[in-house]
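At position 194 of the sequence shown the residue is numbered 624 (my numbering), and the sequence of numbers has no breaks.
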Amino acid sequence: MQVTPLTPGSADALLFDLGRVVLDIDFSKAIACWAGHAGCEPEAVVARFVRDSEAYRLHEVGKISDEDYFQSLRASLGIGISDAQFLEGWNAIFAGEMPDIAELLPRAARQMPLYAFSNTNQPHVDYFSKEYAGLLGHFRELYLSSSIGLRKPDAEAFDHVVAAIGVPANRIVFFDDLAENIEGARARGLTAVHVTSPRDVGNALRALGI
Numbered sequence: 431m432q433v434t435p436l437t438p439g440s441a442d443a444l445l446f447d448l449g450r451v452v453l454d455i456d457f458s459k460a461i462a463c464w465a466g467h468a469g470c471e472p473e474a475v476v477a478r479f480v481r482d483s484e485a486y487r488l489h490e491v492g493k494i495s496d497e498d499y500f501q502s503l504r505a506s507l508g509i510g511i512s513d514a515q516f517l518e519g520w521n522a523i524f525a526g527e528m529p530d531i532a533e534l535l536p537r538a539a540r541q542m543p544l545y546a547f548s549n550t551n552q553p554h555v556d557y558f559s560k561e562y563a564g565l566l567g568h569f570r571e572l573y574l575s576s577s578i579g580l581r582k583p584d585a586e587a588f589d590h591v592v593a594a595i596g597v598p599a600n601r602i603v604f605f606d607d608l609a610e611n612i613e614g615a616r617a618r619g620l621t622a623v624h625v626t627s628p629r630d631v632g633n634a635l636r637a638l639g640i
C-alpha cells in the first residue's frame with residue numbers, strides 16, 4: 431500500500447493512539463503486582479498471561495464487566511487474588527508520559543485539532559482521565575473502544591472515528607505503535623505514522639510544518 435508523504439498543509443486533524451504514543455505503558459508492572467499479591471514469581475504469571483485473549487477484547491469494547499474480566503484472569507493465571515488486587519496491578523501499567531509529548535501536543539494543538547483513538551477499558555479510562563488530565567486536555571475528543579464499542583484495527587472502528595471527526599480520512603494523520611493498527615488505518619484511507627520510537631511523533635510533526 432502506498433504511503434502518503436507528510437507535507438505542510440497535508441492534514442486537517444491529528445489522531446493519536448494513547449498507549450506508547452502519548453502515555454508510556456509497562457505491562458511488567460501489572461505482572462509484578464499480581465505475582466506479589468499471589469506470592470509467586472512474576473515469571474509464573476507472565477507465562478500464562480495472554481494479552482489479546484477473547485476476554486481481553488470483550489472487555490475493551492465494554493461487552494463484559496471488570497469483574498468478569500478479572501475472573502477470567504483468575505482462571506487463566508491460576509492465582510486467587512481479589513478484584514481490588516487485580517485492579518491495582520491493572521492500573522500500575524501506566525509509567526508516565528512519553529518523552530517530549532507534553533511539549534509536542536500543545537504545539538500541534540495551536541495549528542489543528544487533536545483527537546485520540548485508543549483500545550482501552552473502563553478501569554484504565556477512569557485512571558488515566560484523572561492521572562493525566564492536563565495532558566489529555568489537549569485533545570478535542572477521545573474515542574475509546576470501551577465507549578464506542580469498536581476497536582482497532584477493525585474497519586468499522588476507523589470509519590466511525592473518521593465520521594465523528596468530520597474530516598476526510600486522507601486529511602487525518604494517525605499515530606499508533608502497532609503495525610496492525612497502522613495497516614488498518616491506511617486501508618480506510620487515513621495517513622498513518624508508525625510510532626516505533628519517541629522521535630517519530632516529533633519528526634512527523636516537523637514534516638507537517640508544525
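The beta-carbon is built from N, C-alpha and C at its ideal position, and this holds for glycine as well.
Please list, in chain order, all residues of the same chain as residue i whose beta carbon is under 6 Å from its beta carbon, the five residues on each side excluded.
i: proline 472; result: Ile461, Ala462 and Ala465
i: isoleucine 509; result: Ala468
i: asparagine 611; result: Lys582 and Pro583
i: glutamine 515; result: His467
i: valine 592; result: Ala599
Measuring CB to CB, does residue i end up less than 8 Å from residue j?
i: valine 631; j: isoleucine 531; result: yes
i: aspartate 589; j: arginine 616; result: no
i: leucine 544; j: leucine 444; result: yes
i: alanine 546; j: phenylalanine 446; result: yes
i: aspartate 498; j: glutamine 552; result: no
Ignore the nearest five residues each way along the sequence and tell me which others in residue i's own chain have a CB closer than 8 Å to its CB.
i: glycine 526; result: Leu453 and Asp454
i: proline 529; result: Pro628
i: alanine 634; result: Leu436, Val603, Phe605 and Val623
i: aspartate 513; result: Asp496, Glu497 and Phe500
Sorted by chain position, which residues of the same chain lie with C-beta nearer than 7 Å to residue i's C-beta, five sequence neighbours on each side aside?
i: isoleucine 523; result: Ile455, Asp456, Phe457, Lys459 and Ala460
i: glycine 579; result: Val491 and Gly492
i: leucine 503; result: Phe516
Report the rounded CA-to-CA distance for residue i versus residue j, giving the unit in angstroms.
i: aspartate 607; j: serine 575; result: 16 Å
i: leucine 507; j: glutamate 490; result: 19 Å
i: arginine 478; j: valine 597; result: 42 Å
i: phenylalanine 500; j: alanine 594; result: 32 Å
i: methionine 542; j: serine 440; result: 11 Å
i: arginine 636; j: threonine 437; result: 9 Å
i: aspartate 556; j: glutamate 613; result: 29 Å
i: alanine 609; j: threonine 626; result: 9 Å
i: glycine 639; j: valine 451; result: 20 Å
i: threonine 434; j: phenylalanine 558; result: 32 Å
i: valine 476; j: alanine 585; result: 31 Å
i: proline 536; j: aspartate 442; result: 16 Å
i: glycine 564; j: tyrosine 573; result: 17 Å
i: leucine 620; j: alanine 539; result: 19 Å
i: tyrosine 562; j: histidine 554; result: 11 Å
Does the ligand GDP have even one heavy atom less than 7 Å from the beta-carbon of residue i?
i: aspartate 498; result: The ligand GDP is absent from the structure shown, which contains no ligands of any kind.
### Inter-stretch contact (C-beta, 8 Å, three-pair minimum) for the segment 483-493 and the segment 516-523
Result no; under three Cβ-Cβ pairs closer than 8 Å.
### Query
Considering only residues of the segment 496-537, which uninterrupted alpha helix (DSSP H) runs meet the minimum length of 4 residues and lie entirely inside it, listed in chain order?
Taken in chain order, the complete alpha helix (DSSP H) segments of 4 or more residues contained in the segment 496-537 are 496-507 and 513-521.
### Task
Inspect the CB distances between the segment 559-578 and the segment 598-615 and report whether three or more fall short of 8 Å.
Output reads no: the segment 598-615 does not touch the segment 559-578.
### Query
Which ranges would you report for the alpha helix (DSSP H) in the segment 535-623 if only whole runs of at least 4 residues count?
With a minimum length of 4 residues, the continuous alpha helix (DSSP H) runs that stay inside the segment 535-623 are 552-561, 563-566, 575-578, 585-595 and 609-617.
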